[in-house]
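Numbering (this note's numbering), first residue to last: 30 to 908. For every residue, glycine included, the Cβ atom is placed at its ideal position computed from N, Cα and C. Only one structure is covered here, and it is reproduced in the block below.
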Amino acid sequence: MTATSEISMPSPTRTVVRGFRWSAWSYAAFIALTLPPAAIRLGFSTEAAWGVKALAVTTPIVLAAGLFRASTTRQFSLAWAMFWLWSYIFLGLAPVHQIAFGTFPWHGVFSEQTVLVGLCVVLLGVAVAAAAELFTSRHKSGSQLSDVGLEPTPLGISRMRGVLVGILAGYVIVAALFITITGTALFQGKQALQQQLLENADIPGAGTLFFIGTAGGIVLPAIAIVARRNGIRIPVWLIALVTASAAIATNPLTGSRFLTGGFLVATIGALVVGRSISRLMPLGIGVALISIFPSLDLARGDGTGSVGIALSLPSESLVGFDFDAFEMLLRAVSVAGDLPVGGPGPLLLLIAPFIRWVPFLSPLVSDMATGRIVAEATGASYHNLSMPLWGEAYVVGGVVGVIVAFAVLGMVIGMIRPPAGTPMLRRYPTALIIDAPIAALLLIILRGSLYEVLGYALFTFAVVIALRWTSLSGAAAKRTAALAPRPRTVAFYLPQFHTIPENDQWWGEGFTEWVNVRRAVPQHSGHVHPRAAGELGEYDLGDVAVMHEQAAMAQANGIDAFCFYFYWFDGKRLLERPLEQYLSAGPDMPFCISWANESWSRRWDGKEHEALITQEYTELTPERVFEDFLPLLRDPRYLRVNGAAVLLVHRSDHLPAGTQYAETWRRLADAAGIGPLHLVAAETHPGIDPTVSGFDAAAEFPPVGANTLSAAQLIPVKGVAADFRGRLMSYARLTRRFRRRPVPPFTRYRGVVPGWDNTARRGANATIYVGSTPARYHDWLTHARVTEQRLRGDDGLVFVNAWNEWAEGAYLEPDAHHGRSYLDATPWDAASPAVRREVSSVGRPTYGWAHSVALAAAGSALQSARRMASVLGRRTYRG
30 MTATSEISMP
40 SPTRTVVRGF
50 RWSAWSYAAF
60 IALTLPPAAI
70 RLGFSTEAAW
80 GVKALAVTTP
90 IVLAAGLFRA
100 STTRQFSLAW
110 AMFWLWSYIF
120 LGLAPVHQIA
130 FGTFPWHGVF
140 SEQTVLVGLC
150 VVLLGVAVAA
160 AAELFTSRHK
170 SGSQLSDVGL
180 EPTPLGISRM
190 RGVLVGILAG
200 YVIVAALFIT
210 ITGTALFQGK
220 QALQQQLLEN
230 ADIPGAGTLF
240 FIGTAGGIVL
250 PAIAIVARRN
260 GIRIPVWLIA
270 LVTASAAIAT
280 NPLTGSRFLT
290 GGFLVATIGA
300 LVVGRSISRL
310 MPLGIGVALI
320 SIFPSLDLAR
330 GDGTGSVGIA
340 LSLPSESLVG
350 FDFDAFEMLL
360 RAVSVAGDLP
370 VGGPGPLLLL
380 IAPFIRWVPF
390 LSPLVSDMAT
400 GRIVAEATGA
410 SYHNLSMPLW
420 GEAYVVGGVV
430 GVIVAFAVLG
440 MVIGMIRPPA
450 GTPMLRRYPT
460 ALIIDAPIAA
470 LLLIILRGSL
480 YEVLGYALFT
490 FAVVIALRWT
500 SLSGAAAKRT
510 AALAPRPRTV
520 AFYLPQFHTI
530 PENDQWWGEG
540 FTEWVNVRRA
550 VPQHSGHVHP
560 RAAGELGEYD
570 LGDVAVMHEQ
580 AAMAQANGID
590 AFCFYFYWFD
600 GKRLLERPLE
610 QYLSAGPDMP
620 FCISWANESW
630 SRRWDGKEHE
640 ALITQEYTEL
650 TPERVFEDFL
660 PLLRDPRYLR
670 VNGAAVLLVH
680 RSDHLPAGTQ
690 YAETWRRLAD
700 AAGIGPLHLV
710 AAETHPGIDP
720 TVSGFDAAAE
730 FPPVGANTLS
740 AAQLIPVKGV
750 AADFRGRLMS
760 YARLTRRFRR
770 RPVPPFTRYR
780 GVVPGWDNTA
790 RRGANATIYV
800 GSTPARYHDW
810 LTHARVTEQR
820 LRGDDGLVFV
830 NAWNEWAEGA
840 YLEPDAHHGR
850 SYLDATPWDA
860 ASPAVRREVS
870 SVGRPTYGWA
880 HSVALAAAGS
890 ALQSARRMAS
900 VLGRRTYRG
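Pasting the structure below:
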């Protein structure tokens with residue numbers, strides 16, 4: 030840069046706590062009313078040692094904290110909140126009561142060591158799930174940010190609607206057949222239904238009808254409702270018919286609260302998901318679980334159900350067999366590592382639940398049921414084929430099994446959790462439809478039979494994947510933006526293409542940027558140097574006619590304004606002639622300035638510490654530099670945002686600490702009558718927060734902040750020069766890194782760079798981004814524009830680095846190698862450039878390449894250290 034170097038969405042800056050304070054109070058009250066009484070009861074109990082008591086109280090405290098966080102966070106997911114609710118009640122509150130009373134649902138007797146191991150397994154499982162969910166949701170947030178603009182077209186939505194209508198109609202037919210062959214047994218209790226299912230076993234496909242009737246009953250009404258709420262025009266009568274069929278197939282008189290509860294949770298969840306009221310749904314279910322859940326088996330038919338709904342105290346409910354998940358985990362702990370001789374081993378028990386869903390293989394694993402093996406080995410009358418997830422994972426794989434199982438569960442929930450801070454993202458219609466069904470299935474996973482829910486989960490994913498695939502099959506071939514409102518695109522403009530006495534003295538007579546460009550030499554195979562100017566030639570900015578040509582070329586290709594670098598050193602200006610000519614006789618094109626407030630040194634000669642001219646700050650600097658800003662700010666062409674003049678500072682982190690400069694400039698602007706200022710800090714240093722200096726916004730300045738492993742060229746490059754000691758980076762990974770950046774709580778304008786290669790300045794110490802193409806640049810630029818469009822509308826700005834940074838390989842102007850390719854890729858309505866087949870540049874590892882990777886690793890370590898220092902210093906690092 031220097032001589033040495035469709036709808037406006039709500040802002041993400043609102044306060045989370047205030048918006049969800051009511052839910053916080055509600056959950057705090059629920060936890061306060063359920064956990065302390067249980068802990069007190071356990072404390073006075075004589076049934077357990079103090080070590081067991083301490084861990085038994087710690088476990089629900091941890092689970093309560095997870096429930097509170099999941100239910101009050103801005104990034105709310107019904108499924109994630111339900112995971113913590115099920116865990117808190119079944120693996121937190123229930124164990125406290127069961128240990129306190131010394132009474133387990135199946136009257137089991139366990140050693141203190143077994144109880145301690147069981148509690149540790151619970152804590153390990155939730156910890157792994159939380160870590161996996163956090164990692165996955167963050168990754169997905171970046172992935173969805175990267176997908177902005179690549180959303181289904183009306184054709185894709187139409188195809189999705191057709192597929193979903195077909196699935197729903199098919200379910201109605203299947204449910205009707207299932208209800209017909211089952212008859213009145215659906216309403217006569219569990220024993221009657223089981224007897225009828227056995228009688229129907231000889232009917233071909235009867236088992237499939239039962240599976241689709243029940244699995245579809247939980248999943249499909251919810252999917253249809255959410256799709257309808259998201260604008261997919263599913264007929265209301267069809268949704269009603271599907272819901273009615275599902276209600277019959279899963280009605281409570283079948284004696285299965287899992288089916289009935291799953292249907293209710295999924296359907297009600299679908300009606301409220303995405304709304305504030307959905308935060309109260311886990312709370313309501315929690316209250317119901319510990320009060321009326323045990324009485325909900327209407328006419329169960331096996332002597333354990335009831336014919337009415339009754340209330341019970343938590344102390345009565347939580348010691349019953351309805352809350353047996355913890356005891357089954359304890360039984361699994363007792364059996365793990367000591368499975369019956371001659372029976373199936375852990376590997377077969379692992380794959381059996383999957384094989385059981387394959388019709389022709391199912392008989393091979395008919396006796397490989399973990400639930401029955403554990404029950405027989407421990408003397409329990411447990412009849413489910415498999416255990417709840419906690420026990421199943423521990424029996425099959427011990428500690429490793431728990432880690433793997435809950436990592437998978439956490440990743441699944443993280444994938445469906447809505448990302449935080451992405452108001453510009455218009456979600457795919459399939460993004461929310463899986464949340465409510467998974468919330469329902471989690472009850473069966475954590476308390477019921479893993480085998481049963483595995484099939485339901487696979488059914489759910491199959492439907493959602495089919496809908497997602499069909500919706501995207503009609504997606505546009507390229508990233509697109511709405512016609513209006515449109516943010517403006519601003520290109521940085523380097524004025525160092527004319528001679529000045531200072532450069533003649535420092536670098537030799539007649540020095541301009543073209544001198545650097547001509548002397549560059551290639552550093553690897555396929556590295557094009559020296560760069561040769563295109564149709565504009567090696568122009569001289571001393572001729573104002575050149576600026577008219579540049580402006581005409583820029584405006585015809587989607588550039589709305591130039592941002593000139595402004596060089597001012599304690600009252601001395603450098604490279605000022607182009608700006609002065611622009612004011613007096615320049616083109617009718619908007620412009621703004623960026624004060625390049627950093628010292629010049631002999632960095633090009635490897636003498637970085639030898640200063641040519643230094644940037645110094647005194648008490649009068651704000652007033653003095655603003656006097657030279659004024660003629661520019663008064664120009665009617667000067668760029669404004671919502672009436673405020675846009676003024677950038679290249680190194681805001683070099684300004685004296687505090688808001689003195691911002692306050693002084695605003696005061697002087699008011700006094701001069703030029704209106705408000707819109708102060709923007711260029712992100713020329715990782716982690717800049719403009720509010721620290723009193724600025725209004727930041728502007729990305731790629732590739733600054735990306736010289737780390739996240740954008741390193743990890744594949745060796747062919748033909749690297751023997752003396753190369755710079756950085757070889759990946760342009761494709763650079764674009765991915767910037768597209769995936771989260772939205773900060775302040776305004777940060779998007780920025781792009783068409784390429785970066787400062788070989789002309791740094792020689793063998795250059796930073797070279799390999800793989801820059803017009804197509805990749807176009808996609809990145811369009812993504813930045815769509816993001817700004819959806820965040821700030823026509824008040825948005827997108828900065829391109831740069832228009833003419835020839836010595837840094839960052840320019841849009843035509844050259845002899847690419848021609849107008851980058852310029853042609855810049856207009857809003859430009860077609861995505863054809864992707865040229867690149868000649869393979871993969872080579873053998875060399876010292877230069879390895880040195881580059883090491884520098885990137887050092888950059889990553891430095892960035893991590895800065896982030897840690899910022900956290901320790903109670904500042905916010907914005908990476």
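Original post:
Taking the continuous beta strand (DSSP E) assigned at S630, which residues delimit it?
Top reply: Within the sequence shown, the letter at position 601 stands for residue 630. Element bounds for S630: 629-631.
Original post:
Tell me which same chain residues have a C-beta within less than 7 Å of the C-beta of V192, skipping the five on either side of it?
Top reply: Walking along the sequence shown from the start, residue 192 turns up at place 163. Only residues of its own chain outside the window of five on either side were considered, and among them A495, L496, T499 have a CB closer than 7 Å to the CB of V192, listed in chain order.
Subject >> For G566 and E578, the rounded distance between their alpha carbons >> reply: Translated into positions along the sequence shown, residue 578 becomes position 549. Translated into positions along the sequence shown, residue 566 becomes position 537. Cα to Cα, the separation comes out at about 11 Å.
Subject >> Through-space distance from L107 to A198, alpha-carbon basis >> reply: Working through the sequence shown from its first residue, we reach residue 198 at position 169. Working through the sequence shown from its first residue, we reach residue 107 at position 78. Using only the alpha carbons, I get a separation of about 27 Å.
Original post:
Ordered along the chain, which non-local residues of its own chain (more than five positions away) have a Cβ less than 6 Å from that of F133?
Top reply: For the purposes of this step, residue 133 is taken as the residue at position 104 of the sequence shown. Excluding sequence neighbours, F133 sits near Q127, E356.
Original post:
Three or more C-beta pairs closer than 8 Å, one from the stretch 685-701 and one from the stretch 737-757: is that the case here?
Top reply: Contact between the stretch 685-701 and the stretch 737-757 is absent: fewer than three C-beta pairs spanning the two stretches fall below 8 Å.
Original post:
Rounded C-beta distance between G137 and A365? I'm assuming under 8 Å.
Top reply: As a first step, residue 137 must be located in the sequence shown, where it is residue number 108. As a first step, residue 365 must be located in the sequence shown, where it is residue number 336. In fact, because the Cβ distance is near 15 Å, the residues do not count as touching under 8 Å.
Original post:
Do the stretch 279-298 and the stretch 85-94 touch if we need at least three Cβ pairs shorter than 8 Å?
Top reply: no
**OP:** In angstroms with no decimal places, state the Cα-to-Cα distance between I321 and L471.
**Re:** By one-based count along the sequence shown, residue 321 stands at place 292. By one-based count along the sequence shown, residue 471 stands at place 442. Answer to the nearest angstrom: the Cα atoms are 20 Å apart.
**OP:** Could you have a look at P452 and say whether DSSP puts it in helix, strand or coil?
**Re:** Position 423 of the sequence shown, counting from 1, holds the residue named residue 452. In this prediction, P452 has a pLDDT of 42, which is less than 50 and means its spatial position is unreliable; what the coordinates show is noted afterwards. Of the three classes helix, strand and coil, the one that applies to P452 here is coil, per DSSP.
Original post:
Ordered along the chain, which non-local residues of its own chain (more than five positions away) have a Cβ less than 7 Å from that of L641?
Top reply: Here residue 641 is taken as the residue at index 612 of the sequence shown, counted from 1. The residues are W535, W629, S630, R631.
**OP:** Buried or exposed for N671, please, with buried defined as at least 16 other CB atoms from any protein chain shown within 10 angstroms of its CB.
**Re:** The sequence position of residue 671 within the sequence shown is 642, counting from 1. When all chains shown are included, N671 counts as exposed.
Subject >> Assigned secondary structure, M444 (DSSP; H/G/I helix, E/B strand, else coil) >> reply: The sequence position of residue 444 within the sequence shown is 415, counting from 1. DSSP places M444 in helix when its eight states are reduced to three.
**OP:** Note the first and the last residue of the continuous alpha helix (DSSP H) segment covering M582.
**Re:** Numbered from its first residue, the sequence shown carries residue 582 at position 553. Element bounds for M582: 573-584.
**OP:** Could you pull out every residue in the same chain whose Cβ sits closer than 8 Å to the Cβ of G704, ignoring the five residues on either side in sequence?
**Re:** By one-based count along the sequence shown, residue 704 stands at place 675. Cβ neighbours of G704 beyond the five flanking positions: R669, G672, A673, A674, A698.
**OP:** Please report how far the alpha carbon of E729 lies from the alpha carbon of S623, in whole angstroms.
**Re:** On the sequence shown, residue 729 is found 700 positions in, with the first residue counted as 1. On the sequence shown, residue 623 is found 594 positions in, with the first residue counted as 1. Rounded to whole angstroms, E729 to S623 spans 13 Å at the Cα level.
**OP:** List the endpoints of the continuous alpha helix (DSSP H) containing V125.
**Re:** For the purposes of this step, residue 125 is taken as residue 96 along the sequence shown, with counting starting at 1. Start and end: 123-130.
Original post:
Would the beta-carbon of G734 be found less than 7 Å away from any heavy atom of the ligand ZN?
Top reply: The model on display carries no ligand, and the ligand ZN is accordingly not part of it.
Subject >> Simplified DSSP state of T272, which is helix, strand or coil >> reply: Position 243 of the sequence shown, counted from the start, is the residue given in the question as residue 272. In the three-state scheme derived from DSSP, where H, G and I count as helix and E and B as strand, T272 is classed as helix.
**OP:** Specify the secondary structure class of V493 as computed by DSSP and reduced to three states.
**Re:** Here residue 493 is taken as the residue at index 464 of the sequence shown, counted from 1. In the structure shown, V493 sits in a helix (DSSP, three-state: H, G or I).
**OP:** Decide if the stretch 829-848 is in contact with the stretch 602-609; the criterion is three or more beta carbon pairs, one per stretch, under 8 Å apart.
**Re:** no
Original post:
Residues in its own chain within less than 6 Å of P514 by CB, not counting five upstream and five downstream?
Top reply: Taking the first residue of the sequence shown as position 1, residue 514 is located at position 485. Excluding residues within five positions, the ones whose Cβ falls inside 6 Å are G822, D823.
Subject >> As assigned by DSSP and simplified to three states, the class of W624 >> reply: Taking the first residue of the sequence shown as position 1, residue 624 is located at position 595. If DSSP states are grouped into helix, strand and coil, W624 belongs with the strands.
Subject >> Contact belief for P732 with V782 at Cβ below 8 Å, rounded distance in angstroms >> reply: For the purposes of this step, residue 732 is taken as residue 703 along the sequence shown, with counting starting at 1. For the purposes of this step, residue 782 is taken as residue 753 along the sequence shown, with counting starting at 1. Right, the Cβ-Cβ distance comes to about 6 Å (below 8 Å), so this counts as a contact.
Subject >> Straight-line Cα distance separating R446 from A585 >> reply: As a position in the sequence shown, residue 585 is number 556, starting the count at 1. As a position in the sequence shown, residue 446 is number 417, starting the count at 1. One C-alpha to the other measures close to 43 Å.
**OP:** Excluding the 5 residues preceding and the 5 following T855 in the sequence, name in chain order all residues of the same chain whose CB lies nearer than 7 Å to its CB.
**Re:** The count along the sequence shown starts at 1 and reaches residue 855 at position 826. Here the set comprises N586, G587, I588, L810, L841.
Subject >> Bounding residues of the beta strand (DSSP E) (the contiguous stretch that carries V827) >> reply: On the sequence shown, residue 827 is found 798 positions in, with the first residue counted as 1. According to the DSSP assignment, V827 belongs to the beta strand (DSSP E) that extends over 826-829.
Original post:
Quick one, are the C-beta atoms of Q525 and L612 less than 8 Å apart?
Top reply: Sequence index remark: in the sequence shown, residue 525 carries index 496 (1-based). Sequence index remark: in the sequence shown, residue 612 carries index 583 (1-based). The answer is no: Cβ separation not under 8 Å.
Original post:
For the beta strand (DSSP E) that G80 lies in, which residues bound it at each end?
Top reply: As a working mapping, residue 80 is identified with position 51 in the sequence shown. It is not in any beta strand (DSSP E) - G80 instead sits in the alpha helix (DSSP H) that spans 79-101.
Original post:
Under a three-way DSSP split, which group does G315 fall into?
Top reply: As a working mapping, residue 315 is identified with position 286 in the sequence shown. If DSSP states are grouped into helix, strand and coil, G315 belongs with the helices.
Original post:
By DSSP, does V45 sit in helix, in strand, or in coil?
Top reply: For the purposes of this step, residue 45 is taken as the residue at position 16 of the sequence shown. With a pLDDT of 37 at V45, under the threshold of 50, the modelled position of this residue cannot be trusted, and the question is left open.
Original post:
Between E834 and the rest of its own chain, which residues show a CB-CB distance below 6 Å, the 5 nearest in sequence each way excluded?
Top reply: Your numbering for residue 834 matches position 805 in the sequence shown. Answer for E834: L523, Y840, listed in chain order.
Original post:
Does the beta-carbon of T75 have 16 or more other beta-carbons within 10 angstroms, so that it is buried, or is it exposed?
Top reply: Here residue 75 is taken as the residue at index 46 of the sequence shown, counted from 1. T75 comes out exposed.
Original post:
Can the beta-carbon of N830 be found closer than 8 Å to that of F521?
Top reply: Residue 830 sits at position 801 when you count from the first residue of the sequence shown. Residue 521 sits at position 492 when you count from the first residue of the sequence shown. Yes, the pair counts as a contact, with Cβ atoms nearer than the cut-off.
Subject >> Pair within 8 Å by beta-carbon distance, V268 and A253 >> reply: Counting from one through the sequence shown, the residue named residue 268 turns up at place 239. Counting from one through the sequence shown, the residue named residue 253 turns up at place 224. For the sequence presented, residue 268 should be read as Ile rather than Val. For I268 and A253, yes; Cβs fall inside 8 Å.
**OP:** Report buried or exposed for L677, applying the criterion of at least 16 other Cβ atoms within 10 angstroms of its Cβ.
**Re:** As a first step, residue 677 is located in the sequence shown; it is residue number 648 there, counting from the start. Buried: at least 16 other Cβ atoms inside 10 Å.
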